[in-house]
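>
In our numbering, the protein residues as written are 22 to 209.
(1) Given that a residue counts as buried once 16 or more other Cβ atoms are within 10 Å of its Cβ, and exposed if not, what is residue 125?
(2) Less than 7 Å between C-beta atoms, sequence neighbours within five positions excluded: which residues of the same chain meet that for residue 132?
(3) Kindly indicate which residue of 56, 25, 76 has the alpha-carbon position closest to the one of residue 181.
(4) My guess is that residue 296 and residue 135 are in contact by the Cβ rule of under 8 Å, so how many angstroms apart are they, rounded?
(5) Checking the sheet assignment: what are the DSSP bridge partners for residue 147?
(6) Opposite residue 89 in the DSSP bridges: which residues?
(7) Which of the three DSSP states, helix, strand or coil, is assigned to residue 96?
(8) Return the residue from the list 152, 187, 123, 111 that minimises the CA-CA distance to residue 144.
(9) Give every residue of the same chain whose Cβ lies closer than 7 Å to the Cβ of residue 86, excluding the five residues on either side of it in the sequence, and list them in chain order.
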């Protein structure tokens, strides 16, 4: 089992390395720490936020991006999407965990790091993604399901807020209505 705080899966732990600069302008490793996980949906998935930004383009001067990330993380108010910025998040999916149909108001890059995951769209289309495969979610209603009987799946997601999406004159909004736990919904 991992030494990462709160990690549920038996997958290898994650260490985050954040680089910066010394006073002479040379690159350094500014911080190094294990990922901190939060469990959701009756322990069927866990999230670890690697980093977030709160503006675009990011302001790295005086470590503004790093300070803002640490402040928003400490506030407990970071949602799935960070308005005006980005979120990089690891997600571990339990074997046979229930799929959670949802939509975020974002453009998401989802990359399978370990295992396999089934992507289901609200149209009924399904695809099995394997290690190294990537999905680009464009504010679509979708669900993830780990089909394995025994093995956890790990993905990394980078989410960027998008402008409201309008299809057929209707604005498609974030939808987390199928989330079971109040903690998951309160972090929107």
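Positions of the beta carbon are idealized from the N, C-alpha and C atoms, including for glycine.
Please read all numbers here as calculations on a predicted model, not as lab measurements.
If we stick to the structure as given:
(1) buried
(2) Counting only Cβ-Cβ distances below 7 Å, and skipping sequence neighbours, we find 155, 176, 177.
(3) Taking the Cα of residue 181 as reference, the smallest distance to any Cα among 56, 25, 76 is reached at 76.
(4) Coverage of the chain is limited to positions 22 through 209, which leaves residue 296 absent and any answer about it impossible.
(5) 141
(6) BP columns for residue 89 are empty, so no partner.
(7) For residue 96, the three-state secondary structure derived from DSSP is helix.
(8) 123
(9) 74, 79, 80
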